[in-house]
Every structure is written in structure tokens, then in C-alpha cells.
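*Asks:* I'd like to ask some things about the structure below.
There are 2 protein chains.
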Amino acid sequence: MAEQVETLRRTPLSRDRVLRAAVALADEAGIESLSMRNLAQELGVVPMALYKHVANKDELLDGMIDVVVGEIDPPVAGADWKPTIRGRILSARQVLLRHPWAVLAIEARNMATPAILAYLDAMVATLRTGLSADLAHHVMHAMGSRMLGFSQELFDASRNAGRSGATDPEPPAPMPPEVAARFPHLAEIATAASHDDESVVGQGCDDQFEFEFALDLLLDGIERLQQQGWRSSHRPR
Amino acid sequence: MAEQVETLRRTPLSRDRVLRAAVALADEAGIESLSMRNLAQELGVVPMALYKHVANKDELLDGMIDVVVGEIDPPVAGADWKPTIRGRILSARQVLLRHPWAVLAIEARNMATPAILAYLDAMVATLRTGLSADLAHHVMHAMGSRMLGFSQELFDASRNAGRSGATDPEPPAPMPPEVAARFPHLAEIATAASHDDESVVGQGCDDQFEFEFALDLLLDGIERLQQQGWRSSHRPR
DNA sequence: TAAGGTAGGTGTACGCCGTACACCTGTCAA
DNA sequence: TTGACAGGTGTACGGCGTACACCTACCTTA
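Chains A and B supply the protein sequences, listed in that same order.
Mind the numbering: the first sequence is residues 1 to 237 in full-length UniProt numbering, read in order.
Mind the numbering: the second sequence is residues 1 to 237 in full-length UniProt numbering, read in order.
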């Protein structure tokens, strides 16, 4: 019987199983409690066993990133570049919301992983159906991490989610009065938006709205440049 | 004599001296080799001595961030919101280029430090001279980390600078042919821009140009919204 | 069927990390 | 003179990534 249990749990390790377990562990317990030792324990195995499947922890993180990027929907073919780009980016965003730790992981690594390169290459291909190579180049820079479905929010609620513990359903705490007094303009801003709506609870931001606002600001500006045949002419400093 | 040396090096520790030494160490050796132990050694002191001046390593990092943010030029008063914002953001960018590690440090922490809040509050104040509170709110989100002078470049050379070792003056390596073959659109893009200029070496991007391109794309779009009296009207999903 | 190579899990150990806690020491106020 | 206190010290603990030697079950091939 003991060896039956052994056999059951001993679905043999594999790189894929290691990566998926790592992603699951990071999703549940937060990236900061993803250690080789914890991960090994989760897999019922001794820490050094992992090194037969990943070279080291950095390579593990790269693999995890590729797993996440692999979840992004493939681009729909044939449509206009603008809605195509927009849709795929919003899909990427949904994926990143499921794996909040991945944002930091992607930023912290140099991220020239094959999966990311493939993703970006497809994105460029779509852009190039409407834009010059020149403009497409600058657009890729301008969109930056938004291409991967996230942007740097200055106070990022999702940053803390998946950091430790699972979903904490607490609404964002309102700004304490002494803070509001010291930073009055921030305080005014904090409650300024999304109140023409009927049922907005508290002063939480509609993150999805904010993301699409910035995305469309960029996409509309890009479209305008494209329509007027923009070319980069480095102003002489 | 021995005690003279003692006295010389024993400029008494202080929170300020600790923070400045930490910033210098991160600048020179990279953030990943900033440990409490290394920092203590740099200061000629035993590791635990640091804890009389900073609560723990996270608080040390917060303090380092505040030192960096304190280097950003104060806003020039009286000018129009658009050039004021633009100028201050470009100043912030120069600061962050001097302390490349700070980008990751800022992203990794929740960054509600007093210095950052003060910086952002001043930024909002400037915005509010021309924009509604509603629009200013969304603008702050849209600009995201660009407000602090950086954006997420997908292949960020400055990310690796200051990571280990000092400045490496190597130009970015050209894309290896087998990579270019697998990702043809990226390859085309990589060499597409900044070649109408006379003397651009290799295919290195002009990072400053790219940053300003995106910044102006956003600022121009914002100005257009402002001029047409934009108000957020959440589309009914 | 025997031999031996190989893939993959194990055990031990090292050096690094952050930091809790008890301790010492010099300075200054009462 | 005393004693509180600010600030530097020494030791120790638990956790980390991972090098390295090892064992073991399987598969190939003669």
C-alpha cells in the first residue's frame, strides 16, 4: 500500500510538470514564497530533483513566463490592424490578471524568451498591415509593456494581489485624512472619476477602464500619425 | 594611530549616510549585490549596526527611492501645463538613467513613499491648471510609470546597466541571423528607424527619441481631449 | 540473459542572506 | 557620581540557491 501511494504521487517529474506546478504555486501563494524548496515539497520531491528539469531558478522563471504568455489568445487574422491589436492586448491583459506575479517577473528578467518574441513578432506583423516599418518601430516602443497587457499603475492593486495569500476581497482603503491634507491634489483626483455612474462602490478605480483609456489614447494617436503619413525625422536636437 | 584611523572612518553613521551609501553601492555594483552585509562592510561597520538607522531592508529600499526621487528637478512655476509636465518628466528620466536599479526597485515596492506622493501631487497640481479633475485622474493612470520618467521598454538596455559591474560600453549586439529568421517582423522593425539620420551607429535605438515619441503621443492626445472638453462617460459596458 | 549506460531522484554540505537578541561602551543630563 | 540612553558589536538561527557525489531503476545491445 505504501508503494501504491508512492506510485500515485510519483507521476514522473517533467519540465512541463515543474513549470505548471511553479505557476500554480505562484498564483496561490505569491511569487515571494516560490522557492526551489517549496516547489519541490509541493511536488513531493527533494529540492535537487528539480535541477534535472530546469537549469536554475532564473530558468524556471523564464519557463513560467513562457507558460503564461502561451495562454494569450492567438491573433484573429484578417481584420484591421487596430481592432486586432486592441483585442490581443486586452486578451493579454486578462491573462496577466490571472497571474499577477508575472508582471514583476517579466519586468525583472530581460524577457527575450522565445514565447515573448513570438508574441511580439505576431504583433508587429499585424501592425505592418497598416503601418510603415518606421512607424511600427516607434509604436512598439511607445506601447512598451502595454503590448503585454499591463502598464505601470502607480498604485497597483493587482500588484499586491497574488503577492501573499489569495484574493483579498477588501476594497481599497480610502485615503486617510492626514494624507489627503498633505497631498490635496492627489486627494481631489482620487475621487474625481467614475462617479457619474450610478453604482460605483467607494472610490475604487475601474482599472479596466483606465487601461483602455490609455490604450485608446495611444492607438488613436498612432492611427492619426499613420493617416497623415508620418515619418520619423529626428529634429536636430 | 590606530585610533586615529578609527576616528577618521568613524564618521558616525546616520540614516542619511546609510541611504546615500546604499544608493552609491547600487549605482556601482548593481542592486543585486546590495545586501545589508555588503553595505555594512562598505561603511566599515558590522551588519547589525545598520538596523539602528533603518528598520529592515525594505525600509532601506524605500529610503533609497526617496533619495532618488529627491533628485528630480522641482517644477517650474507659471508655465503652461503641457511644457511643464513634459519638462519635469524628462528631468525625472535623467535621474532614473543615473540610477537604473531604481526603476525595478520602484516597481517592486508599493511606492506610496512620501517623496513619490509629493512628486505626484505636484504633477497633479500642474495638470489641474488646465484639465478637469476627471480628465486629470485618467491622465495619471494613462501616463503610469512615465510620470516617473520611465516606461517599460521591452528590451531595455538600461535595465541591464547598473545590474552588475559598471557601464559596459558595448553597443547592443545585432540580432543573430537564426533569431532574425524565426522572427522576421521583429528583425525588420529592429533596423527600420533612425536611419534617415546621417551617422547612426549600428541599429541601436535612440532611447531618448523613443521616450519622447511616446510621451508626446500621450500629451498631444490628452491636449486634444482637453480642448474638446472631454468627460468620462463610461460606456454601458 | 548479462552488462553497462543513462535518466532521474536523493543526501549532504557550503556560503550567502535577513535579522532577533543580548551585550557592551561612550556621552550627557540630573 | 549616577544612570539612562543612543548606537555599535557578536552570536546565532532559519531560509535560500545550488555544487557534487551518490544511488537506483530502466533500457539497449551483445
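Note that CB positions come from ideal geometry on N, CA and C, so glycine has one too.
Using CA atoms only, rank isn't needed, just tell me which of A:136, A:207, A:109 is closest to residue 93 (chain A).
*Replies:* The count along the first sequence starts at 1 and reaches residue 93 (chain A) at position 93. For residue 93 (chain A), the nearest C-alpha among the options comes from A:207.
*Asks:* Just to confirm the assignment, what range does the alpha helix (DSSP H) spanning residue 140 (chain B) have?
*Replies:* Counted from its first residue, the second sequence places residue 140 (chain B) at position 140. For residue 140 (chain B), the enclosing alpha helix (DSSP H) stretches over residues 133-143.
*Asks:* Residue 99 (chain A) to residue 68 (chain A), Cα distance in whole Å?
*Replies:* Stepping through the first sequence from its first residue, residue 99 (chain A) is reached at position 99. Stepping through the first sequence from its first residue, residue 68 (chain A) is reached at position 68. Cα-Cα distance, rounded: 8 angstroms.
*Asks:* Identify which residue in A:84, A:11, A:191 has its Cα closest to the Cα of residue 215 (chain A).
*Replies:* In the first sequence, counting from the first residue as 1, residue 215 (chain A) sits at position 215. Comparing C-alpha distances from residue 215 (chain A) to each of A:84, A:11, A:191 shows the shortest one belongs to A:84.
*Asks:* Report yes if the CB atom of residue 108 (chain B) is closer than 8 angstroms to the CB atom of residue 60 (chain B), and no otherwise.
*Replies:* Translated into the one-based positions of the second sequence, residue 108 (chain B) becomes position 108. Translated into the one-based positions of the second sequence, residue 60 (chain B) becomes position 60. For residue 108 (chain B) and residue 60 (chain B), no; Cβs fall outside 8 angstroms.
*Asks:* Need the endpoints of the alpha helix (DSSP H) that residue 82 (chain B) sits in, please.
*Replies:* Position 82 of the second sequence, counting from 1, holds the residue named residue 82 (chain B). Its alpha helix (DSSP H) spans residues 81-98.
*Asks:* Just to make sure I have the definition right: I need the residues of chain A whose C-beta is within less than 9 angstroms of the C-beta of residue 66 (chain B). Which are they?
*Replies:* Position 66 of the second sequence, counted from the start, is the residue given in the question as residue 66 (chain B). None at all; the shortest Cβ gap to chain A is about 15 angstroms.
*Asks:* Output needed in chain order: residues of the region 124-136 of chain B with a Cβ under 7 angstroms from some Cβ in chain A.
*Replies:* 124, 125, 128, 133, 134, 136
*Asks:* Using a C-beta cutoff of 8 angstroms, does residue 107 (chain B) count as contacting chain A?
*Replies:* Start at 1 with the first residue of the second sequence, and residue 107 (chain B) comes out as number 107. True, the Cβ-Cβ gap to chain A drops below 8 angstroms.
*Asks:* Going by beta-carbon coordinates alone, are residue 121 (chain A) and residue 186 (chain B) separated by less than 8 angstroms?
*Replies:* Mapped onto the first sequence, residue 121 (chain A) falls at position 121. Mapped onto the second sequence, residue 186 (chain B) falls at position 186. The answer is yes: Cβ separation under 8 angstroms.
*Asks:* Closest to residue 73 (chain B) by C-alpha separation, out of B:90, B:223, B:175, would be which residue?
*Replies:* By one-based count along the second sequence, residue 73 (chain B) stands at place 73. Ranking the options by Cα distance to residue 73 (chain B), first place goes to B:90.
*Asks:* Residues of chain B with a CB under 8 angstroms from the CB of residue 220 (chain A): which are they?
*Replies:* The residue labelled residue 220 (chain A) in the question sits at position 220 within the first sequence. Going along chain B in sequence order, the residues near residue 220 (chain A) (Cβ under 8 angstroms) are 221.
*Asks:* Could you check what DSSP says for residue 62 (chain B) in three-state terms: helix, strand or coil?
*Replies:* Here the question's residue 62 (chain B) lines up with position 62 in the second sequence. Three-state result, residue 62 (chain B): helix.
*Asks:* Helix, strand or coil, according to DSSP, for residue 33 (chain A) in the structure here?
*Replies:* Position 33 of the first sequence, counting from 1, holds the residue named residue 33 (chain A). In this structure, residue 33 (chain A) counts as helix in the three-state DSSP scheme.
*Asks:* Does residue 80 (chain A) get closer than 8 angstroms to chain B when you measure Cβ to Cβ?
*Replies:* Locating residue 80 (chain A) in the first sequence gives position 80, counting from the first residue. Not one chain B Cβ lies under 8 angstroms of residue 80 (chain A).
*Asks:* Using CA coordinates, which residue listed in A:112, A:44, A:124, A:97 is at the minimum distance from residue 58 (chain A)?
*Replies:* Here residue 58 (chain A) refers to the residue found at position 58 of the first sequence. Ranking the options by Cα distance to residue 58 (chain A), first place goes to A:112.
*Asks:* Rounding to the nearest angstrom, what Cα-Cα distance links residue 192 (chain A) and residue 231 (chain B) in this structure?
*Replies:* Numbered from 1 along the first sequence, position 192 holds the residue referred to as residue 192 (chain A). Numbered from 1 along the second sequence, position 231 holds the residue referred to as residue 231 (chain B). So the alpha carbons of these two residues sit roughly 11 angstroms apart.
*Asks:* Checking contacts by CB at 8 angstroms: is residue 121 (chain B) closer than that to chain A?
*Replies:* Position 121 of the second sequence holds residue 121 (chain B). It does: the Cβ of residue 121 (chain B) has a partner Cβ on chain A nearer than 8 angstroms.
*Asks:* Is the CB of residue 72 (chain A) under 8 angstroms away from at least one CB in chain B?
*Replies:* Along the first sequence, read from residue 1 onward, the residue named residue 72 (chain A) stands at position 72. For residue 72 (chain A), the answer is no, since every Cβ of chain B falls outside 8 angstroms of its Cβ.
*Asks:* Using the three-state DSSP reduction, which class does residue 176 (chain A) fall into: helix, strand or coil?
*Replies:* Position 176 of the first sequence, counted from the start, is the residue given in the question as residue 176 (chain A). Here residue 176 (chain A) sits in coil by DSSP.
*Asks:* Give me, in chain order, the residues of the same chain whose beta-carbon lies closer than 8 angstroms to that of residue 20 (chain B); leave out the 5 immediate sequence neighbours on both sides.
*Replies:* Position 20 of the second sequence, counted from the first residue, corresponds to residue 20 (chain B). Contacts found: 67.
*Asks:* Go ahead and pull the three-state DSSP assignment for residue 15 (chain A).
*Replies:* On the first sequence, position 15 is the one that residue 15 (chain A) refers to. Helix.
*Asks:* Check whether chain B comes within 8 angstroms of residue 36 (chain A), counting only Cβ atoms and requiring the distance to be less than that.
*Replies:* If you number the first sequence from 1, residue 36 (chain A) lands on position 36. It does not: the Cβ of residue 36 (chain A) has no partner Cβ on chain B nearer than 8 angstroms.
*Asks:* I'd like the list of long-range same chain contacts for residue 34 (chain B), defined as Cβ closer than 7 angstroms, with 5 residues on each side in sequence excluded.
*Replies:* Working through the second sequence from its first residue, we reach residue 34 (chain B) at position 34. Cβ within range, chain order: 22, 25, 26.
*Asks:* Measuring straight from C-alpha to C-alpha, what distance separates residue 150 (chain A) and residue 190 (chain B)?
*Replies:* Along the first sequence, one-based indexing puts residue 150 (chain A) at 150. Along the second sequence, one-based indexing puts residue 190 (chain B) at 190. Between residue 150 (chain A) and residue 190 (chain B), the alpha-carbon positions lie close to 23 angstroms from each other.
*Asks:* Within a Cβ cutoff of 6 angstroms, which residues of the same chain sit near residue 148 (chain A), ignoring the five residues on either side of it in sequence?
*Replies:* For the purposes of this step, residue 148 (chain A) is taken as residue 148 along the first sequence, with counting starting at 1. Answer for residue 148 (chain A): 92, listed in chain order.
*Asks:* Could you give the first and the last residue of the continuous alpha helix (DSSP H) run that contains residue 101 (chain A)?
*Replies:* Against the first sequence, residue 101 (chain A) aligns to sequence position 101. Counted as a single uninterrupted DSSP element, the alpha helix (DSSP H) harbouring residue 101 (chain A) occupies residues 101-108.
*Asks:* Against chain A, does residue 99 (chain B) count as a neighbour if the rule is that its beta carbon must be under 8 angstroms from one of theirs?
*Replies:* Counting from 1 along the second sequence, the entry for residue 99 (chain B) is found at position 99. Not a single CB atom of chain A sits nearer than 8 angstroms to the CB of residue 99 (chain B).
*Asks:* Can you list the residues of chain B that residue 189 (chain A) reaches, using a CB-CB cut of under 7 angstroms?
*Replies:* One-based indexing of the first sequence puts residue 189 (chain A) at position 189. Correct list: 124, 133, 136, 137, 140.
*Asks:* Using only the alpha-carbon positions, how far apart do residue 82 (chain A) and residue 225 (chain A) sit?
*Replies:* Reading the first sequence from its first residue, position 82 is the one you call residue 82 (chain A). Reading the first sequence from its first residue, position 225 is the one you call residue 225 (chain A). Roughly 13 angstroms between the two C-alpha positions.
*Asks:* So residue 185 (chain B) contacts chain A; which residues on that side make the cut at Cβ distance below 7 angstroms?
*Replies:* Counting from 1 along the second sequence, the entry for residue 185 (chain B) is found at position 185. Within chain A, the residues near residue 185 (chain B) are 121, 124, 125, 128.
*Asks:* Taking all protein chains shown into account, do 16 or more other C-beta atoms lie within 10 angstroms of the C-beta of residue 178 (chain B), making it buried, or fewer, making it exposed?
*Replies:* Sequence index remark: in the second sequence, residue 178 (chain B) carries index 178 (1-based). The residue is exposed, with fewer than 16 neighbouring Cβ atoms inside 10 Å.
*Asks:* Taking the alpha helix (DSSP H) that residue 116 (chain B) belongs to, which residues open and close that run?
*Replies:* Counting from 1 along the second sequence, the entry for residue 116 (chain B) is found at position 116. That run of the alpha helix (DSSP H) goes 114-128.
*Asks:* If we define contact as Cβ-Cβ less than 8 angstroms, is residue 210 (chain B) a contact residue for chain A?
*Replies:* Taking the second sequence and counting its residues from 1, the one referred to as residue 210 (chain B) is at position 210. Taking Cβ atoms only, chain A reaches closer than 8 angstroms to residue 210 (chain B), which makes this a yes.
*Asks:* Identify the continuous alpha helix (DSSP H) that holds residue 221 (chain B) and give its terminal residues.
*Replies:* Indexing the second sequence from 1 puts residue 221 (chain B) at position 221. Start and end: 207-227.
*Asks:* Can you give the Cα-Cα distance for residue 218 (chain A) and residue 65 (chain A), rounded to whole angstroms?
*Replies:* Counted from its first residue, the first sequence places residue 218 (chain A) at position 218. Counted from its first residue, the first sequence places residue 65 (chain A) at position 65. Whole-angstrom Cα-Cα distance: 26 angstroms.
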